[in-house]
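Below you'll find the structure, written out as structure tokens, and then a few comments.
Numbering (this note's numbering), first residue to last: 163 to 516.
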């Protein structure tokens with residue numbers, strides 16, 4: 163059985179590391195990886211393949227730095243060319259990026275079966291490009307692997323059980339990765355304080371809205387007077403902060419880090435503050451409370467169970483959440499499959515192909 167895996171962004175590299183490792187255990191499975199190039203520089207891409215032993219992509223499309231339409235269109239065209247050459251049995255896509263949607267569309271138009279890992283997530287915010295990508299990808303996928311019960315219920319509510327597809331609650335492959343790589347953490351080359359807050363800001367709803375970004379940075383600068391804040395800075399966010407001349411004198415900015423360095427930061431931080439979907443879960447996996455700098459989240463079970471607080475981008479709300487932390491501290495609850503998601507996915511795929 164030949165599987166084409168399509169990846170292009172940091173979270174997808176992490177997920178693919180877990181599933182590709184499971185695929186490699188089966189001699190009758192042949193995986194070919196297409197890297198669309200959405201994240202392309204060393205710190206955002208190459209380091210993940212090196213650290214996590216992800217199979218080297220056979221194809222690198224080198225498509226990046228474009229608007230959503232141009233990027234998705236070029237990916238669709240180039241992926242289609244590869245699929246015509248390789249003629250896979252399945253195309254496997256992850257998450258909610260432009261790479262995800264382009265890969266699913268290219269496969270479906272060629273009548274190739276589509277597997278969507280991380281199906282059923284909903285923020286209910288149609289202004290997010292990710293929400294559009296995940297909904298459309300779900301609708302044309304043949305097997306939908308859901309990371310949570312909530313995701314399954316979302317698909318059920320939207321009528322997916324009436325469609326010609328298989329829905330499987332697999333658990334979350336990011337927890338597989340977190341458990342596997344936990345003991346392989348890599349200390350950073352720069353000195354990190356003994357106590358610190360780990361922060362990330364990269365989502366377009368925050369970086370493209372200067373008022374939101376300024377509120378977030380003002381709040382982080384205020385908190386940094388009390389405890390150091392370490393912020394691996396996405397190149398795109400850096401450009402916006404620099405061009406907007408936002409104050410950032412109290413925050414410890416560092417270059418983007420590889421996954422093993424991020425594991426180190428997660429294991430040693432006191433708190434996570436982020437607008438990243440993946441980092442919300444990784445905070446939970448490593449037993450750290452999280453303040454989410456968004457108005458909504460796909461990972462509602464973290465909020466419902468008290469591990470995560472949604473604050474949006476208002477300075478006052480961010481500071482209130484920090485100074486009045488009221489988190490659940492018992493992380494011993496199975497929300498994401500306890501590290502067996504990749505095994506369930508690959509065995510299900512074999513079963514459905516037989």
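All residues carry an ideal CB built from backbone N, CA and C; glycine is no exception. Please read all numbers here as calculations on a predicted model, not as lab measurements.
C-beta atoms of residue i and residue j nearer than 8 Å
| i | j | result |
| --- | --- | --- |
| residue 276 | residue 307 | no |
| residue 423 | residue 346 | no |
| residue 333 | residue 474 | no |
| residue 433 | residue 450 | yes |
| residue 360 | residue 314 | no |
| residue 501 | residue 337 | yes |
| residue 421 | residue 176 | yes |
| residue 384 | residue 481 | yes |
| residue 199 | residue 226 | yes |
| residue 185 | residue 255 | no |
| residue 261 | residue 237 | yes |
| residue 469 | residue 446 | yes |
| residue 402 | residue 375 | yes |
| residue 380 | residue 394 | no |
| residue 377 | residue 443 | no |
| residue 441 | residue 312 | no |
| residue 310 | residue 174 | no |
| residue 389 | residue 358 | yes |
| residue 183 | residue 210 | no |
| residue 178 | residue 216 | yes |
Residue i, enclosing beta strand (DSSP E) - first and last residue
| i | result |
| --- | --- |
| residue 307 | 305-308 |
| residue 279 | 275-279 |
| residue 511 | Counting along the chain, residue 511 falls outside any beta strand (DSSP E), though it belongs to the alpha helix (DSSP H) covering 503-515. |
| residue 331 | 328-331 |
Own chain partners of residue i with C-beta closer than 6 Å, once the 5 adjacent residues on each side are dropped
| i | result |
| --- | --- |
| residue 503 | 332, 333, 334, 335 and 338 |
| residue 235 | none |
| residue 180 | 335, 338, 339 and 504 |
| residue 493 | 449 |
Contacting residues, own chain, Cβ-Cβ under 7 Å from residue i (five flanking each side not counted)
| i | result |
| --- | --- |
| residue 387 | 412 |
| residue 514 | 305 and 328 |
| residue 213 | 420, 421 and 422 |
| residue 268 | 238, 241, 242 and 245 |
| residue 496 | none |
| residue 479 | 473 |
| residue 190 | 163 |
| residue 491 | none |
| residue 489 | 451, 468 and 469 |
Proximal residues to residue i (C-beta, below 8 Å), its chain only, five neighbours per side dropped
| i | result |
| --- | --- |
| residue 319 | none |
| residue 271 | 242 |
| residue 251 | 163, 164, 165, 274, 275 and 515 |
| residue 472 | 454, 456, 457, 458, 459 and 465 |
| residue 352 | 416 |
| residue 325 | 301 |
| residue 371 | 475 |
| residue 348 | 213, 420, 422, 423, 425 and 426 |
| residue 204 | At residue 204, the pLDDT of 49 sits below 50, so the modelled position is not reliable; the number obtained from the coordinates is stated separately. Result list for residue 204: empty, nothing under 8 Å. |
| residue 431 | 358, 359, 360, 392 and 450 |
Opening and closing residue of the alpha helix (DSSP H) in which residue i lies
| i | result |
| --- | --- |
| residue 166 | Residue 166 -> not in any alpha helix (DSSP H); beta strand (DSSP E) instead, spanning 164-169. |
| residue 390 | No alpha helix (DSSP H) contains residue 390, which DSSP labels as neither H nor E. |
| residue 311 | 311-319 |
| residue 491 | Residue 491 -> no alpha helix (DSSP H), and no H or E assigned at all. |
| residue 131 | The question about residue 131 has no answer, for the chain in this structure spans 163 to 516. |
| residue 260 | 260-271 |
| residue 405 | 397-406 |
Query raised in the report: At which residue ranges does the region 413-485 contain complete beta strand (DSSP E) runs of 3 or more residues, listed in the order of the chain?
Result: 414-416, 433-436, 452-454 and 470-472
Query raised in the report: Do the region 397-407 and the region 455-469 make contact, defined as three or more Cβ pairs closer than 8 Å?
Result: no
**Report entry** Any 3 or more C-beta pairs closer than 8 Å across the region 503-511 and the region 447-464
**Finding:** no
Query raised in the report: What alpha helix (DSSP H) runs, 4 residues minimum, are completely inside the region 180-252?
Result: 209-214 and 230-248
Query raised in the report: Can we say the region 208-220 touches the region 191-199, given the rule of at least three CB pairs closer than 8 Å?
Result: yes
Query raised in the report: Any contact of the region 295-309 with the region 265-285, i.e. 3+ C-beta pairs under 8 Å?
Result: yes
Query raised in the report: In the region 339-380, which residue ranges form an unbroken beta strand (DSSP E) of at least 3 residues, counting only runs that do not cross its ends?
Result: 359-362
Query raised in the report: Do the region 433-442 and the region 363-370 touch if we need at least three Cβ pairs shorter than 8 Å?
Result: yes
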